[in-house]
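Protein chains in written order, with the numbering used here: chain U, 86 to 195; chain X, 767 to 880. Glycine included, every Cβ here is placed at the ideal spot set by N, Cα and C. Let me begin by presenting the structure, written as structure tokens, before commenting on it.
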Amino acid sequence: GENVEQHPSTLSVQEGDSAVIKCTYSDSASNYFPWYKQELGKGPQLIIDIRSNVGEKKDQRIAVTLNKTAKHFSLHITETQPEDSAVYFCAGGEGGKLIFGQGTELSVKP
Amino acid sequence: GAGVSQSPSNKVTEKGKDVELRCDPISGHTALYWYRQRLGQGLEFLIYFQGNSAPDKSGLPSDRFSAERTGESVSTLTIQRTQQEDSAVYLCASSLVGLEETQYFGPGTRLLVL
Numbered sequence: 086g087e088n089v090e091q092h093p094s095t096l097s098v099q100e101g102d103s104a105v106i107k108c109t110y111s112d113s114a115s116n117y118f119p120w121y122k123q124e125l126g127k128g129p130q131l132i133i134d135i136r137s138n139v140g141e142k143k144d145q146r147i148a149v150t151l152n153k154t155a156k157h158f159s160l161h162i163t164e165t166q167p168e169d170s171a172v173y174f175c176a177g178g179e180g181g182k183l184i185f186g187q188g189t190e191l192s193v194k195p
Numbered sequence: 767g768a769g770v771s772q773s774p775s776n777k778v779t780e781k782g783k784d785v786e787l788r789c790d791p792i793s794g795h796t797a798l799y800w801y802r803q804r805l806g807q808g809l810e811f812l813i814y815f816q817g818n819s820a821p822d823k824s825g826l827p828s829d830r831f832s833a834e835r836t837g838e839s840v841s842t843l844t845i846q847r848t849q850q851e852d853s854a855v856y857l858c859a860s861s862l863v864g865l866e867e868t869q870y871f872g873p874g875t876r877l878l879v880l
């Protein structure tokens, strides 16, 4: 079955800097890769997703890249703000079943 | 519109007791998912419903765990004879399968087994 590895587990950046989180997956049949943001005490919220027929997708300060050959995908957040501080999860899968990474705790220092 | 709702928000129970966790998906969403999240960990897939059938039960940890769904509506996750290792946040999500795969999550039920 699918296995998703996520790095780093914690990331601390200064406000205004960029943050990059990387994930690798094992199942070449996976075709959908969402990223979720989870704030303390809340359920995960989708921030961006990418499908396997696309190599890159951007939404304002957030971008995701996908390398199908290498089976890895990354989240890029530019011009980070303190409100970006949260736990971020990558996921991969197909047919509706998603396997999640272990999460990255991002801390943006003012 | 209304999002995914879950109840109760918190549940404290004694070891050996049964618990029922409820999920109300977004109206019109045909797919419903249950996940378990232990403290500081990622989300662990439990079960997936398409309508009221469960094509994938592969994540249920043991036969103490079961789930059902009535039509394309409410789902209940039942844990029998709870153990301390069952303590976790149980998250429910729903999606419009066939049109998009985006899963929308509820706030979760925090279960503590004493």
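Member of the options whose CA lies at the smallest distance from the CA of residue i
i: Tyr-110/U; options: Gln-130/U, Gly-126/U, Gly-186/U; result: Gly-186/U
i: Arg-847/X; options: Glu-780/X, Ala-820/X, Gln-772/X, Ala-768/X; result: Glu-780/X
i: Thr-189/U; options: Glu-87/U, Ala-176/U, Pro-195/U; result: Ala-176/U
i: Glu-838/X; options: Tyr-814/X, Leu-805/X, Gly-782/X, Asp-784/X; result: Tyr-814/X
i: Ile-184/U; options: Val-778/X, Gly-817/X, Val-855/X, Ser-824/X; result: Ser-824/X
i: Ala-148/U; options: Glu-90/U, Ser-159/U, Phe-118/U, Asn-116/U; result: Ser-159/U
i: Ala-797/X; options: Phe-831/X, Arg-804/X, Gln-816/X, Glu-786/X; result: Gln-816/X
i: Thr-150/U; options: Ser-94/U, Val-98/U, Val-105/U; result: Val-105/U
i: Thr-844/X; options: Cys-789/X, Tyr-870/X, Leu-805/X, Gln-803/X; result: Cys-789/X
i: Thr-842/X; options: Gln-849/X, Glu-786/X, Val-770/X; result: Glu-786/X
i: Val-139/U; options: Phe-118/U, Gln-145/U, Gly-126/U, His-92/U; result: Phe-118/U
i: Asp-829/X; options: Val-855/X, Gln-849/X, Thr-836/X, Ser-819/X; result: Gln-849/X
i: Ser-137/U; options: Lys-153/U, Leu-96/U, Asp-112/U; result: Lys-153/U
i: Gly-126/U; options: Val-855/X, Glu-867/X, Asp-784/X; result: Val-855/X
i: Ser-113/U; options: Leu-191/U, Pro-167/U, Ala-155/U; result: Ala-155/U
i: Arg-804/X; options: Leu-857/X, Arg-835/X, Thr-836/X, Phe-871/X; result: Leu-857/X
Nearest-angstrom beta carbon gap, residue j and residue i [assumed within contact, 8 Å]
i: Lys-142/U; j: Ile-132/U; result: With a Cβ gap of about 11 Å, Lys-142/U and Ile-132/U do not count as contacting.
i: Gln-772/X; j: Gly-874/X; result: 6 Å
i: Glu-100/U; j: Val-193/U; result: 6 Å
i: Trp-800/X; j: Leu-809/X; result: So it is not a contact: roughly 10 Å between Cβ atoms.
i: Leu-877/X; j: Lys-777/X; result: 5 Å
i: Ile-792/X; j: Ala-768/X; result: 7 Å
Cβ neighbour criterion (16 or more within 10 Å) applied to residue i
i: Val-879/X; result: buried
i: Ser-170/U; result: buried
i: Pro-129/U; result: buried
i: Ser-860/X; result: buried
i: Asp-852/X; result: buried
i: Pro-827/X; result: exposed
i: Leu-865/X; result: Any answer about Leu-865/X is weak, because its pLDDT of 46 lies below 50 and its placement is not dependable; what the coordinates show is given next. Its Cβ having fewer than 16 others within 10 Å, Leu-865/X is exposed.
i: Val-89/U; result: buried
i: Ala-833/X; result: buried
i: Ser-115/U; result: buried
i: Gln-91/U; result: buried
i: Gln-869/X; result: buried
i: Thr-165/U; result: buried
Please list the residues of the region 818-848 of chain X that have a C-beta atom closer than 7 Å to any C-beta atom in chain U, keeping them in chain order. Asp-822
Members of the region 92-122 of chain U near chain X, C-beta cut-off 8 Å: Tyr-117, Pro-119, Tyr-121
Along the region 862-880 of chain X, where does the CB come closer than 8 Å to a CB of chain U? Name the residues. Val-863, Glu-867, Thr-868, Gln-869, Tyr-870, Phe-871, Gly-872, Pro-873, Gly-874
Under 9 Å, CB to CB, which of the residues in the region 128-161 of chain U have a partner in chain X? Gly-128, Pro-129, Gln-130, Leu-131, Asp-134, Arg-136
Residues in the region 791-815 of chain X with C-beta within 7 Å of chain U's C-beta atoms, listed in sequence order? Ala-797, Gln-807, Gly-808, Leu-809, Phe-811, Tyr-814
Give, in chain order, every unbroken run of the alpha helix (DSSP H) that is at least 4 residues long and sits entirely within the region 135-176 of chain U. none
Note down, in chain order, all residues in the region 181-193 of chain U with a beta-carbon under 8 Å from any beta-carbon belonging to chain X. Gly-181, Lys-182, Leu-183, Ile-184, Phe-185, Gly-186, Gln-187, Gly-188
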